[in-house]
Amino acid sequence: MTLMEALIAGGWLMLPLLGCSLVAVVIVVERLWALRAGRIAPRGLGEEVCSLAARGQVNLYWLESHSPLGGVLAAGLRNARLGHEQVRARFQEAATAVVHDMERFLSPLGTIASITPLLGLLGTVVGMIEVFAVLVSSDGGERAAELAGGISQALVTTAAGLTVAIPALMFHRYFQRRVEDITVRIEEQAGQVVEFLAHHQGQLTLDERHEPATEARPRAADERSPAGGGRP
603 MTLMEALIAG
613 GWLMLPLLGC
623 SLVAVVIVVE
633 RLWALRAGRI
643 APRGLGEEVC
653 SLAARGQVNL
663 YWLESHSPLG
673 GVLAAGLRNA
683 RLGHEQVRAR
693 FQEAATAVVH
703 DMERFLSPLG
713 TIASITPLLG
723 LLGTVVGMIE
733 VFAVLVSSDG
743 GERAAELAGG
753 ISQALVTTAA
763 GLTVAIPALM
773 FHRYFQRRVE
783 DITVRIEEQA
793 GQVVEFLAHH
803 QGQLTLDERH
813 EPATEARPRA
823 ADERSPAGGG
833 RP
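Residues are numbered in my numbering as their position in the sequence shown, beginning at 1, plus a constant of 602.
Here it is as structure tokens:
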């Protein structure tokens, strides 16, 4: 049986099942691209931030645009002067926003995994109703085509619903686990920065310019050089 024959045999309930399958595919592809651990919480960023902070070279604008983890760390560093409790609070708030963004579209995917078997069951019920309607008719024995059509609708819709629901459920659980793993990585690297701030002696120097410091230094050197000071 080809796909078009299955759609025709399943009846009108195949349309919502087909729509659910298309939405599930789009969500899965988008989440596979978005939930990359290297993009959200690259390894070593916490140690790099601690090293830069020790030298007073942390550019918060660069850190925020680096990654979602960088935005979490920048939110905490901005409140470093208010005490460790405020830093932890800001880390928690920023991390909650990142987790919420990572969980985007997971609820619709879980809904698809839940409702598609019910749609298949509904198709089964509708198909069996048609089968019994044919059987109780006076000429039921002569209407074998309609009888077979009702049975086909009952079986095809059930199979289609399970075909959509099983992969959707698997990817939903997989994405939930990936979100948990990335959240743990964010907490670990944020904890490194908190521990650094707790042991850091002296005032923390932060840079909030929108341009990298490496671009600003050559201009400063040119301004200090006297005009016409060179010898032939």
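Ideal Cβ placement from N, Cα and C applies to all residues, glycine included.
By a C-beta neighbour count over all protein chains shown, 10 Å radius and 16 as the cutoff for buried, is residue i buried or exposed?
{"i": "T698", "result": "exposed"}
{"i": "M704", "result": "buried"}
{"i": "R638", "result": "exposed"}
{"i": "S667", "result": "exposed"}
{"i": "H801", "result": "exposed"}
{"i": "G678", "result": "buried"}
{"i": "M616", "result": "buried"}
{"i": "F777", "result": "buried"}
{"i": "F693", "result": "buried"}
{"i": "G672", "result": "buried"}
{"i": "V660", "result": "buried"}
{"i": "G640", "result": "exposed"}
{"i": "G722", "result": "buried"}
{"i": "L675", "result": "buried"}
{"i": "V630", "result": "buried"}
{"i": "V786", "result": "exposed"}
{"i": "L684", "result": "exposed"}
{"i": "G729", "result": "buried"}
{"i": "G613", "result": "buried"}
{"i": "L720", "result": "exposed"}
{"i": "V733", "result": "buried"}
Measuring alpha carbon to alpha carbon, tell me which of the options ends up nearest residue i.
{"i": "V625", "options": "G793, T713, E705, C652", "result": "T713"}
{"i": "A756", "options": "C622, V781, L724, L764", "result": "L724"}
{"i": "V701", "options": "I629, R780, E797", "result": "R780"}
{"i": "R706", "options": "E790, V786, H774", "result": "H774"}
{"i": "L665", "options": "V727, V651, E790", "result": "V651"}
{"i": "I731", "options": "I753, T718, T759, L721", "result": "I753"}
{"i": "I642", "options": "V795, G722, Q791, L654", "result": "Q791"}
{"i": "L771", "options": "G729, V689, R680, A715", "result": "A715"}
{"i": "L799", "options": "A761, V628, Q688, I629", "result": "Q688"}
{"i": "Q794", "options": "H686, D783, T726, V728", "result": "H686"}
{"i": "T759", "options": "T718, L711, N681, A735", "result": "T718"}
{"i": "E695", "options": "P670, E797, G658, L708", "result": "P670"}
{"i": "V628", "options": "E782, P710, G658", "result": "P710"}
I need the DSSP call for residue i, collapsed to helix, strand or coil.
{"i": "G729", "result": "helix"}
{"i": "L637", "result": "coil"}
{"i": "A643", "result": "coil"}
{"i": "R680", "result": "coil"}
{"i": "F707", "result": "coil"}
{"i": "S716", "result": "helix"}
{"i": "S653", "result": "helix"}
{"i": "S667", "result": "helix"}
{"i": "G685", "result": "coil"}
{"i": "R819", "result": "Note on R819: pLDDT 38, under 50, position unreliable in the model; no value is reported."}
{"i": "H802", "result": "coil"}
Is residue i near the ligand ATP, in the sense that its beta carbon is under 7 Å from a heavy atom of that ligand?
{"i": "Y663", "result": "The ligand content of the structure shown is nil, which means the ligand ATP is not present either."}
(request) Report yes or no: do three or more beta-carbon pairs, one from the segment 645 to 663 and one from the segment 625 to 634, lie closer than 8 Å? (result) The way I'd put it, the segment 645 to 663 doesn't touch the segment 625 to 634; fewer than three beta-carbon pairs between them come closer than 8 Å.
(message) Closer than 8 Å is the cut-off here; do at least three beta carbon pairs connect the segment 761 to 778 with the segment 615 to 630?
(response) The answer is yes - the segment 615 to 630 touches the segment 761 to 778, with three or more Cβ pairs under 8 Å.
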